[in-house]
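Participant: Below is a structure I'd like to ask you about.
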Amino acid sequence: MIMRDPLCQAPLPKGRGGPDSPPEAARCVVVKLGGSLAGDPSLRQWLRELKRDRTARYAVVPGGGPFADAVRAAQSLWRFSDPVAHRMAIGAMDQFGHMLCGLESDLAACSTVPQIEQAWAGRQLPVWLPTYLMGGDGELAHSWHVSSDTIAAWLAEALGACGLLLVKSCDLPADRTDPSMLAAAGIVDPTLPGFVLRKRLPLDVVHRNQWGDLPQVASRLVVRV
Numbered sequence: 000m001i002m003r004d005p006l007c008q009a010p011l012p013k014g015r016g017g018p019d020s021p022p023e024a025a026r027c028v029v030v031k032l033g034g035s036l037a038g039d040p041s042l043r044q045w046l047r048e049l050k051r052d053r054t055a056r057y058a059v060v061p062g063g064g065p066f067a068d069a070v071r072a073a074q075s076l077w078r079f080s081d082p083v084a085h086r087m088a089i090g091a092m093d094q095f096g097h098m099l100c101g102l103e104s105d106l107a108a109c110s111t112v113p114q115i116e117q118a119w120a121g122r123q124l125p126v127w128l129p130t131y132l133m134g135g136d137g138e139l140a141h142s143w144h145v146s147s148d149t150i151a152a153w154l155a156e157a158l159g160a161c162g163l164l165l166v167k168s169c170d171l172p173a174d175r176t177d178p179s180m181l182a183a184a185g186i187v188d189p190t191l192p193g194f195v196l197r198k199r200l201p202l203d204v205v206h207r208n209q210w211g212d213l214p215q216v217a218s219r220l221v222v223r224v
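Here the sequence shown is numbered in my numbering, starting from 0 and rising by one per residue.
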C-alpha cells in the first residue's frame with residue numbers, strides 16, 4: 000500500500016532504487032541514534048559529523064531513550080496493552096527527535112518524506128519524527144518486538160535509502176552486518192533481521208564512539224547497493 004501525504008498529495012517511494020525513489024535516495028543513508036546516547040557526550044559529536052560529512056545524504060532516526068523508559072515504567076504500573084505502549088513509544092521517539100533538534104543548528108524536524116527532501120535541499124540534517132507516518136502503517140507489529148531499529152529500517156525502505164546505520168552503546172561482535180546474530184545477542188530487536196532481509200537493505204552497526212568512522216562506514220553501505 001502506498002501512503003499519501005495529504006499536504007502534498009504525492010505517493011511515498013515504493014522502495015530502494017525503484018523508479019519512484021527520489022533522486023536524493025541514490026546516496027541516502029538512514030542513521031538511527033540509539034536512545035542510550037541521550038546522556039552521552041558522543042551524541043553531539045554524531046550530530047556534528049552527520050552535518051559535516053558529504054559521503055551520503057543522511058536522515059536521522061532518534062531512539063526512544065529516557066522517554067521510552069518512561070513508557071515502560073508506566074506500562075509496568077498500569078498494565079495497559081502492548082499496542083498502546085507501542086504508540087506511546089513512537090511518541091517517545093518524537094520527543095528525543097525534538098531534543099536532538101534543540102542541540103545543534105541546521106537540524107530539521109521532519110514528519111514526512113517531502114519534508115526530509117526539503118531539509119536536504121536546504122542543506123539541513125533531517126531528523127525524522129515517526130508518529131505521523133507510523134500512525135498509518137499496517138506492516139509492523141504493534142509490540143515491543145518492534146523497536147526504533149526496525150522503525151528506522153522502515154524509513155530507509157520508504158526513502159529508497161542505500162543503507163541503514165545503527166549507532167549503539169553496547170559492545171559489538173566482530174561481524175556487525177549479520178542481523179540474525181545481532182538479534183540473538185539482544186543488540187537489535189527480533190523483527191529487524193526478517194525485515195532487512197526481505198527488503199534487501201544493507202545494514203551496519205557501530206559503537207557510539209566511532210563517529211570519526213562515519214565516512215568509511217557510509218561508503219561501505221553505498222557501494223553495497
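We put the CB at the ideal spot given by N, CA and C, even for glycine. It should be emphasised that the depicted structure is a prediction, and the values quoted were computed from it without experimental measurement.
1) According to DSSP, Y57 sits in a beta bridge with which residue or residues?
2) So, is A140 buried or exposed, given that buried needs 16 or more other C-beta atoms within 10 angstroms?
3) Just the C-alpha distance for E156 and K198, rounded to the nearest angstrom, thanks.
4) With DSSP as the reference, please indicate the residues paired to W127 in a beta bridge.
5) Would you decide whether S20 is buried or exposed? Buried here means 16 or more other CB atoms lie within 10 Å of its CB.
6) Answer with buried or exposed for G63, where buried requires no fewer than 16 other C-beta atoms within 10 angstroms of its C-beta.
7) Closest by CA to E103, which one among L49, V166, Q215, I89?
8) To the nearest angstrom, report how far apart L163 and R78 are at their CA atoms.
9) Express the C-alpha separation of L202 and P172 in angstroms, rounding to a whole number.
10) If I measure Cβ to Cβ from S179 and keep anything under 7 Å in the same chain, skipping five residues before and after, which residues do I get?
11) If you reduce the DSSP assignment to three classes, tell me which class G162 lands in.
12) Looking at the secondary structure, which residues open and close the beta strand (DSSP E) in which D203 lies?
13) Taking the straight line between their C-alpha atoms, what separation do you get for A152 and P129?
14) Determine contact between the region 82-90 and the region 50-60, defined as no fewer than three beta-carbon pairs at a distance below 8 Å.
15) Tell me where the alpha helix (DSSP H) around R86 begins and ends.
16) I need the boundaries of the alpha helix (DSSP H) containing E48, first residue and last residue.
17) I'd like to check one pair, I150 with M92: are the Cβ atoms closer than 9 Å?
18) Please classify V195 as buried or exposed, where buried requires at least 16 other C-beta atoms within 10 Å of its C-beta.
19) In whole angstroms, what separates the C-alpha of I115 from that of P65?
20) Per the DSSP calculation, K167 is bridged to which residue(s)?
21) L132 and S110 look like a contact to me (Cβ under 8 Å); what is the Cβ gap, rounded to whole Å?
22) First and last residue of the alpha helix (DSSP H) that includes V145?
23) Kindly give me the distance between the Cβ atoms of G33 and L124, rounded to whole angstroms, as I take these residues to be in contact under 8 Å.
24) Looking at the secondary structure, which residues open and close the alpha helix (DSSP H) in which P65 lies?
Facilitator: Judging by the given coordinates:
1) For the purposes of this step, residue 57 is identified with residue 58 of the sequence shown, where counting begins at 1. DSSP output for Y57 lists V28 as bridge partner(s).
2) In the sequence shown, counting from the first residue as 1, residue 140 sits at position 141. Flag for A140 reads exposed.
3) Walking along the sequence shown from the start, residue 156 turns up at place 157. Walking along the sequence shown from the start, residue 198 turns up at place 199. Taking the straight line from one Cα to the other gives about 7 Å.
4) For the purposes of this step, residue 127 is identified with residue 128 of the sequence shown, where counting begins at 1. C109, per the DSSP bridge assignment.
5) For the purposes of this step, residue 20 is identified with residue 21 of the sequence shown, where counting begins at 1. The pLDDT assigned to S20 is 47, lower than 50, so where the model puts this residue is not dependable, and the model offers no usable value.
6) Walking along the sequence shown from the start, residue 63 turns up at place 64. Label assigned to G63: buried.
7) Your numbering for residue 103 matches position 104 in the sequence shown. Considering only alpha carbons, the answer is L49.
8) In the sequence shown, counting from the first residue as 1, residue 163 sits at position 164. In the sequence shown, counting from the first residue as 1, residue 78 sits at position 79. One C-alpha to the other measures close to 34 Å.
9) Taking the first residue of the sequence shown as position 1, residue 172 is located at position 173. Taking the first residue of the sequence shown as position 1, residue 202 is located at position 203. One C-alpha to the other measures close to 14 Å.
10) Here residue 179 refers to the residue found at position 180 of the sequence shown. Answer for S179: P192, listed in chain order.
11) Numbered from 1 along the sequence shown, position 163 holds the residue referred to as residue 162. Looking at G162 - three-state DSSP - the assignment turns out to be strand.
12) Sequence index remark: in the sequence shown, residue 203 carries index 204 (1-based). It spans 202-206 - the beta strand (DSSP E) in which D203 sits, taken as one unbroken run.
13) Numbered from its first residue, the sequence shown carries residue 152 at position 153. Numbered from its first residue, the sequence shown carries residue 129 at position 130. Each residue's Cα considered, the two are about 12 Å apart.
14) no
15) Along the sequence shown, one-based indexing puts residue 86 at 87. Here the alpha helix (DSSP H) through R86 covers 81-100.
16) Counted from its first residue, the sequence shown places residue 48 at position 49. Residues 41-51.
17) Here residue 92 corresponds to residue number 93 of the sequence shown, with the count starting at 1. Here residue 150 corresponds to residue number 151 of the sequence shown, with the count starting at 1. The answer is yes: Cβ separation under 9 Å.
18) Locating residue 195 in the sequence shown gives position 196, counting from the first residue. Label assigned to V195: buried.
19) Locating residue 115 in the sequence shown gives position 116, counting from the first residue. Locating residue 65 in the sequence shown gives position 66, counting from the first residue. Straight-line Cα distance between these residues: approximately 25 Å.
20) Within the sequence shown, the letter at position 168 stands for residue 167. According to DSSP, which records beta bridges pairwise, K167 is partnered with H206.
21) Numbered from 1 along the sequence shown, position 133 holds the residue referred to as residue 132. Numbered from 1 along the sequence shown, position 111 holds the residue referred to as residue 110. The Cβ separation is near 7 Å, so the contact holds.
22) Start at 1 with the first residue of the sequence shown, and residue 145 comes out as number 146. Premise fails: V145 is in no alpha helix (DSSP H) and is neither H nor E.
23) By 1-based counting over the sequence shown, the position of residue 33 is 34. By 1-based counting over the sequence shown, the position of residue 124 is 125. About 17 Å; that fails the 8 Å criterion.
24) Here the question's residue 65 lines up with position 66 in the sequence shown. Note, P65: alpha helix (DSSP H), 64-77.
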